[in-house]
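**Student:** Counted from 1, the sequence shown has number 1543 at position 76 by the numbering used here; the numbering is strictly sequential.
Got a structure for you, written out below as structure tokens; questions coming shortly.
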Amino acid sequence: MAYYIYLIFSTNRKKNVSYVGYTNNLKKRLFSHNNGKGAKFTKGSKWKLLYSKKFDNKKIAMKEEYKLKNNRNLRNMIKLNYLKKK
């Protein structure tokens, strides 16, 4: 089964925020975040998918999610690229 790590972004709050997670169904997970059924942190905002990457198993996806969550430079680079395209 394939797993994905993802970075979502919201501008609905007082400042721009991002969230990193992993899932085996990317479309369903994004839908959940946007309808108040995702993680507690994501409730009340509309989210856009900025980045995703596919992995062959859950263990590797979880390790990569941890790396992305803790790599602020990479997260900021992804966000800046998105904002430049807007």
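Ideal placement from N, C-alpha and C gives every residue a C-beta, glycine not left out.
Counting beta carbon pairs with one atom in the region 1469-1481 and one in the region 1516-1534, are three or more of them shorter than 8 Å?
**Tutor:** Counting Cβ pairs under 8 Å, three or more are found: they touch.
**Student:** Provide the residue span of the alpha helix (DSSP H) that contains residue 1499, from first to last.
**Tutor:** Element bounds for residue 1499: 1493-1501.
**Student:** Does the beta-carbon of residue 1533 have 16 or more other beta-carbons within 10 angstroms, so that it is buried, or is it exposed?
**Tutor:** It is exposed - the Cβ of residue 1533 has fewer than 16 other Cβ atoms within 10 Å.
**Student:** In angstroms, rounded to a whole number, what distance separates the CA positions of residue 1531 and residue 1503?
**Tutor:** Cα to Cα, the separation comes out at about 25 Å.
**Student:** Return the first residue and the last residue of the beta strand (DSSP E) that residue 1521 is part of.
**Tutor:** Per DSSP, residue 1521 belongs to the beta strand (DSSP E) from 1515-1522.
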